[in-house]
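Peer 1: Residue numbers (my numbering), protein chains in the order written: chain R, 1 to 246; chain C, 1001 to 1436.
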Amino acid sequence: MSTLLRVTSLNTFYGPLQVLKSVSLHVNEGEIVALLGANGAGKTTTLNSICRIVHSRGGSVEYAGKDISRARPETIVGMGLTQVPEGRQIFGELSVRDNLIMGGYVRLRGGEKRGVAEDMERMLDMFPILRERIQQRAGSLSGGQQQMLAIARALMSRPRLLLLDEPSMGLAPLIVKEILVTVSSLRDEHGTTVLLVEQNAAAALKIADRGYVLETGRVVLEGTATELMRDREVRRAYLGKDYDEV
Amino acid sequence: MSEGAIWNTERETMPRREIEQLQLERLQATMNRAYRNVRHYRRMFEAHDLVPEDIASLADLRKLPFTTKQDMRDAYPYGMFALPLREVVRIHSSSGTTGLSTVVGYTRNDLEDWTELVARNLVAGGVTKDDVVQIFFGYGLFSGGFGLHQGAERIGASVLPVSSADIESQVKVMQDFRTTALVGIPSYALQIAQAMDEVSVAPSSLCLRVGVFGGEPWSQKTRQEIEERLRIRATDIYGLAEVGGPGVSGECEFRCGLHVAEDHFIVEVIDPETGEVLPPGAEGELVFTTVHKEAMPVLRYRTGDISSIDPEPCACGRTFARMANVRRRTDDMVIIHGRNIFPEDIAAVIDQAPGLGPSFRMIVDRRGAEDTLRVEVELSSILSEDTIRAIERLDRDLEERLLRVFGFEIGVHITEPRSLSANGEKRAVVIDNRKI
């Protein structure tokens, strides 16, 4: 198993405030890795630092053997590293179809019109609900459907590594399950590697191979999903169980 | 599983770059927890004006001061724990040969890791699921017995937890239960061989195949003797209670040093005088940092064990660095008449002297201004001939040998066979009365 993403000692600041403190992690090809932690722990900042949406001081990010610490965000997308942002951030006024086309934008500019059209078909096969709503304004979809659209849109760029930010946020438990089954099948059927940020640790650890727990900008735990599930601190702090229950 | 088997190929053959990434990630997480939860470490960081994130690379580790046996004693019993006792499912304690014992806790994950690490060592030493493993490490607060027991069960061997039973019982179990693998302290294995001689049990009448030994420094000569007398292949394992017991490192079939479980430990070798980190190959004191322990993480623990590190991959396929077999300890060193004498040096002389050993004690006294060294050594077997004269002859013989080697007089006192080596204790004990 080769290392696809290698993050070493990232330090990220918002003004004078240090939000990431020497964060190191790695994702192997074909893995689903969960990044867990409470609100404000630095999970999203970690993703944004990897994609260079925010800049960090010191440390390094290596993707597919290349140092991307100084790369531009669009170059990074072109290399197959795509982020699905928190809160979906789909284009509400555009149709489902146009949202998907936007996902293939980098490739369209590269002249891959045919490939993008084929991928659109693939996405509609994978997410039949989106085919039903293909002409509909994206803003009118339900929360779960919008999340599906956000993932499908990201997949249009043919990512090798998908960074998923809180796909379960604001969704009903049943929908969360459906989304995570989808993420799981992305890896199993399409070989997509996933770095999954989740506050819902229980759900994330069900599909993840390994995980990291962030706390106020520092990684405090690292381990296999089984190890983290067994960790009483994780269970108490992130699985919402009291000491008596764990 | 057979010769050359590897228990966890994914981990034990990781490329160096991946080992280092994993070590860094785990080190940082460990430091963050130790800083948050262990007063000793928080103070240590603060005293050096450091925060955990200052350690941004493995090389930065040397910014941290060492943790010593004394730090552990000061925290006795639970002060070094990073989690409350309710998270701890097992407690062991060091054997306490150098003073007050230190206490180590394990969470469920820690036990799981420990079992895995010992399983790796046993497999590297040639033990398979088909073996009948007789463990004569003590079961108790000492971590040896339970540690090896879990690992042997994990690989699926049939485990005989004989523990520190008397020698006659050990031999009987070996015969009756058809033991194929011995696990314990090497000097005790020699005593078992001795006892077999005395009651005329031929090794060829047993099913013994391999032996995995540790818990005390032992020489190449001891290994040869064990192998010849018990007709087994003997491999060395290493561990210490303070960083979690056995499972820290172990030899593979090539026996060219012990592979350190680098996914769980960072090993350094330092100059014991200056604390300076020494390059690969240089001999010095071993320092370990645990990177995956939950209940009791340990940062830069000075072991007192003398060794060196070879980071080159091994012919067996394992990529983990190898440490040279530990033959001596810094705190067992006796400085007398300006000479540094290790128990190992005395052991080498005793090994040359017929009829004596293996166990002995070194006793240092100060009479007026003069320091004296005395060696108490046990007879290898009961003498049949004229006892007093025979003992006098052995006594004189050893005194002459010691004088020749060390250049000053070392008194010898001979004791009954097995009087110093009851039930699997260490081969050499140093008593320095000058310190008191």
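Virtual Cβ for every residue (Gly too), placed ideally from N, Cα, C.
For C/Asn1433, would you say it is in contact with chain R, using Cβ-to-Cβ distances shorter than 9 Å as the test?
Peer 2: With 9 Å as the cut-off, C/Asn1433 does not count as an interface residue toward chain R.
Peer 1: Have a look at R/Ile50 and R/Val219 and give me their C-alpha separation to the nearest angstrom.
Peer 2: Distance between the alpha carbons of R/Ile50 and R/Val219 is about 15 Å.
Peer 1: Helix, strand or coil, according to DSSP, for R/His26 in the structure here?
Peer 2: If DSSP states are grouped into helix, strand and coil, R/His26 belongs with the strands.
Peer 1: If you reduce the DSSP assignment to three classes, tell me which class C/Phe1360 lands in.
Peer 2: Note: C/Phe1360 maps to strand in three-state DSSP.
Peer 1: Whole angstroms is fine: what's the gap from C/Val1412's alpha carbon to C/Glu1010's?
Peer 2: Rounded to the nearest angstrom, the two C-alpha atoms are 53 Å apart.
Peer 1: Roughly how many angstroms lie between the CA atoms of C/Pro1015 and C/Thr1319, to the nearest whole one?
Peer 2: If you take the alpha carbons of C/Pro1015 and C/Thr1319, they lie about 7 Å apart.
Peer 1: Taking DSSP's pairing of strands, which residues face C/Pro1077 in a bridge?
Peer 2: Beta-bridge pairing links C/Pro1077 to no other residue.
Peer 1: Taking the straight line between their C-alpha atoms, what separation do you get for C/Val1349 and R/Gly58?
Peer 2: C/Val1349 and R/Gly58: Cα-Cα distance of roughly 56 Å.
Peer 1: Just list the residues that DSSP pairs R/Gly80 with in beta bridges.
Peer 2: R/Gly80 is not bridged to any residue.
Peer 1: Does the Cβ of C/Ile1019 have 16 or more other Cβ atoms within 10 Å, making it buried, or fewer, making it exposed?
Peer 2: By the 10 Å Cβ count, C/Ile1019 comes out buried.
Peer 1: Assuming R/Val61 and R/Val19 form a contact by the criterion Cβ under 8 Å, report the distance between their Cβ atoms to the nearest whole angstrom.
Peer 2: No, R/Val61 and R/Val19 are not in contact; Cβ-Cβ is about 16 Å, not under 8 Å.
Peer 1: Determine which residues share a DSSP beta bridge with C/Val1159 and list them.
Peer 2: According to DSSP, C/Val1159 bridges with C/Val1133.
Peer 1: Could you give the residue range of the beta strand (DSSP E) that holds C/Thr1235?
Peer 2: Segment Arg1233 to Leu1240, the beta strand (DSSP E) holding C/Thr1235.
Peer 1: For R/His55, return the contacting residues in chain C, with the cut-off set at a CB-CB distance below 8 Å.
Peer 2: What R/His55 touches in chain C: nothing, since even the nearest Cβ is about 17 Å away.
Peer 1: I need the straight-line Cα distance from R/Arg88 to C/Asp1110, nearest angstrom please.
Peer 2: Between R/Arg88 and C/Asp1110, the C-alpha separation is close to 39 Å.
Peer 1: Under 7 Å between beta-carbons, which chain C residues line up against R/Leu25? List them in chain order, please.
Peer 2: Going along chain C in sequence order, the residues near R/Leu25 (Cβ under 7 Å) are Glu1025.
Peer 1: In whole angstroms, what separates the C-alpha of C/Gly1407 from that of C/Met1174?
Peer 2: Answer to the nearest angstrom: the Cα atoms are 44 Å apart.
Peer 1: Take R/Gly144 as the anchor and find which of R/Ala204, R/Thr182 and R/Leu25 has the nearest alpha-carbon.
Peer 2: Of the candidates R/Ala204, R/Thr182 and R/Leu25, the one whose C-alpha sits nearest the C-alpha of R/Gly144 is R/Thr182.
Peer 1: Quick check: the Cα distance between C/Arg1231 and C/Ile1414, rounded to an integer number of angstroms?
Peer 2: Approximately 29 Å between the Cα atoms of the pair.
Peer 1: Note down, in chain order, each residue of its chain lying with its Cβ closer than 7 Å to the Cβ of C/Gly1138, except the 5 sequence neighbours on either side.
Peer 2: Gly1144, Gly1145, Ser1163, Ser1164 and Gly1424, listed in sequence order.
Peer 1: Along chain C, in chain order, which residues have C-beta atoms closer than 7 Å to that of R/Leu108?
Peer 2: The contacting residues do not exist; R/Leu108 stays about 36 Å from chain C at best.
Peer 1: Distance cutoff 9 Å, beta carbons only. Does R/Met182 sit that close to anything in chain C?
Peer 2: According to the sequence provided, residue 182 of chain R is Thr. The question's Met does not apply to it. So no, R/Thr182 is outside the interface.
Peer 1: Given a threshold of 16 other Cβ atoms within 10 Å of its Cβ, counted over all protein chains shown, does C/Thr1128 qualify as buried or as exposed?
Peer 2: Counting Cβ neighbours within 10 Å, C/Thr1128 comes out buried, since at least 16 surround it.
Peer 1: Do we get a CB-CB distance below 9 Å when we pair C/Arg1017 with the residues of chain R?
Peer 2: Output row for C/Arg1017: interface = yes.
Peer 1: Taking only three categories from DSSP, how would you classify C/Ser1169?
Peer 2: Three-state DSSP puts C/Ser1169 in a helix.
Peer 1: Could you check if C/Trp1007 is buried or exposed, using at least 16 other CB atoms within 10 Å of its CB as the buried criterion?
Peer 2: Buried, by the Cβ-count rule.
Peer 1: Does the beta carbon of R/Glu245 sit closer than 9 Å to a beta carbon anywhere in chain C?
Peer 2: With a pLDDT of only 49 at R/Glu245, under the threshold of 50, the placement of this residue in the model should not be trusted, and no figure is reported.
Peer 1: Check whether the Cβ atoms of R/Val27 and R/Leu161 sit closer than 9 Å, and answer yes or no.
Peer 2: Yes, the Cβ-Cβ distance between R/Val27 and R/Leu161 is below 9 Å.
Peer 1: Within the 9 Å Cβ cut-off, does R/Lys177 reach chain C?
Peer 2: No, R/Lys177 lies away from the interface with chain C (no Cβ there is under 9 Å from its Cβ).
Peer 1: Going by CA-CA distance only, name the one from C/Ala1189, C/Pro1272, C/Cys1207 and C/Pro1279 that's closest to C/Asp1236.
Peer 2: Among C/Ala1189, C/Pro1272, C/Cys1207 and C/Pro1279, the Cα nearest to that of C/Asp1236 belongs to C/Ala1189.
Peer 1: Does C/Val1051 get closer than 9 Å to chain R when you measure Cβ to Cβ?
Peer 2: With 9 Å as the cut-off, C/Val1051 counts as an interface residue toward chain R.
Peer 1: Can you tell me the Cα-Cα spacing of C/Phe1288 and R/Ala203, whole angstroms?
Peer 2: Answer to the nearest angstrom: the Cα atoms are 36 Å apart.
Peer 1: Helix, strand or coil for C/His1149? Go by DSSP, reduced to three states.
Peer 2: Here C/His1149 sits in helix by DSSP.
Peer 1: Looking at the secondary structure, which residues open and close the alpha helix (DSSP H) in which C/Ile1382 lies?
Peer 2: Where C/Ile1382 is concerned, there is no enclosing alpha helix (DSSP H), given that its DSSP letter is neither H nor E.
Peer 1: Say the cut is 8 Å; is the CB of R/Ile207 nearer than that to a heavy atom of the ligand ZN?
Peer 2: Because no ligand of any kind appears in the structure shown, any question about the ligand ZN cannot be addressed here.
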